[in-house]
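Numbering (the UniProt record's numbering), first residue to last: 1 to 303.
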């Protein structure tokens with residue numbers, strides 16, 4: 001199905017929280033994969049689903065995930081291998097746990113391209129790949145080139161929008177001919193629409209300049225502000241506990257449900273089908289307009 005790469009620039013928070021929140025309400029089967037080269041922290045933040053006679057669940061196994069998958073992928077990586085290395089969180093969300101430290105990433109630079117292709121080939125599962133904070137020339141570009149959509153997260157502060165503008169310029173050049181880039185704004189609920197509009201104005205203006213100055217070659221990816229997630233610290237804290245009830249009513253989850261539904265609707269029409277650009281890739285995909293009909297949603301409390 002679809003592969004969506006989630007990332008942020010210097011100083012931008014919340015990619016892992018956003019990935020888990022979106023995964024919790026995603027309207028289709030989904031896997032959240034930790035691909036952050038600096039090390040993931042799901043094993044320290046979120047409990048595993050109960051197994052056997054243990055009603056409370058326990059810790060996720062840090063040795064079962066990306067690290068164990070890499071050990072078996074030296075002779076080739078197929079989509080069907082991924083499930084063997086996944087775990088399930090309390091609430092039912094499937095995750096591929098990442099590495100626990102940056103040192104482990106040094107010997108895995110070869111993995112990201114094959115992993116992206118394997119993620120894109122999962123059926124009928126969408127993959128939300130948490131790529132953490134990006135740096136110049138990151139090896140994760142090989143994974144991002146296989147994605148149907150790259151999502152960059154930012155807060156609507158002057159400093160972070162300035163960093164985002166520069167990251168968009170660099171990433172667009174590095175992903176020429178590749179997937180479109182969407183921006184998700186982590187916004188204050190009291191000024192939600194105004195903050196999204198301001199980030200959209202800055203990004204639209206910057207994209208016009210980048211396109212005018214770009215040398216000849218494959219087209220630059222489109223860059224579009226796709227929506228916002230509510231800055232909701234209490235909701236983020238609830239993600240580490242029992243799902244349902246108060247969490248379903250939190251501003252974070254309510255905004256995540258809206259973003260997730262919109263993203264799935266866009267992916268479904270990206271190239272005329274749910275498999276995104278991997279079904280029929282003709283040049284650089286363009287982010288389609290938001291669907292005019294209601295998209296599917298997960299019922300509150302079902303996760």
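Here a beta-carbon is modelled for each residue, glycine too, at the ideal position from N, C-alpha and C. For clarity, every value in this text was computed on a predicted model and none was experimentally measured.
Rounded to whole angstroms, the separation of the alpha carbons of residue 112 and residue 140 is 6 Å. Counting the other Cβ atoms within 10 Å of the Cβ of residue 146 gives 16 or more, which makes it buried. Rounded to the nearest whole angstrom, the C-alpha separation of residue 73 and residue 107 is 13 Å.
Taking a C-beta distance under 8 Å as the contact criterion, residue 18 and residue 153 qualify as a contact pair. Going by DSSP, residue 265 is part of the alpha helix (DSSP H) stretching over 251 to 269. If you draw a 10 Å sphere on the C-beta of residue 81, you find fewer than 16 other C-beta atoms in it, and that means exposed. The DSSP assignment places complete alpha helix (DSSP H) segments of no fewer than 4 residues inside the segment 89 to 173 at 102 to 105, 112 to 120 and 141 to 144, in order along the chain. Within the DSSP secondary-structure output, residue 87 pairs in a beta bridge with 95. Rounded to whole angstroms, the separation of the alpha carbons of residue 14 and residue 42 is 13 Å. Its chain contains 22, 184, 226, 227, 228 and 229 as the residues whose beta carbon lies nearer than 8 Å to that of residue 259, once the 5 sequence neighbours on both sides are disregarded; these appear in chain order. Setting aside the 5 residues that flank it on each side, residue 128 is surrounded in the same chain by 4, 6, 19, 22, 23, 26, 30, 31, 32 and 33, each with a C-beta closer than 8 Å to its C-beta; the list follows chain order. Straight across, the Cα-Cα distance linking residue 78 with residue 190 is about 46 Å. From the listed residues 176, 163, 95 and 84, the smallest Cα separation to residue 218 is found for 176. Secondary structure at residue 228: strand, using DSSP grouped into helix, strand and coil. Secondary structure of residue 24 (DSSP, three-state): helix. Counting along the chain, the unbroken beta strand (DSSP E) around residue 3 starts and ends at 3 to 8. Residue 124 sits away from residue 149, with the two beta carbons spaced by 8 Å or more. Within a 10 Å sphere around the beta-carbon of residue 164 sit 16 or more other beta-carbons, which makes this residue buried.
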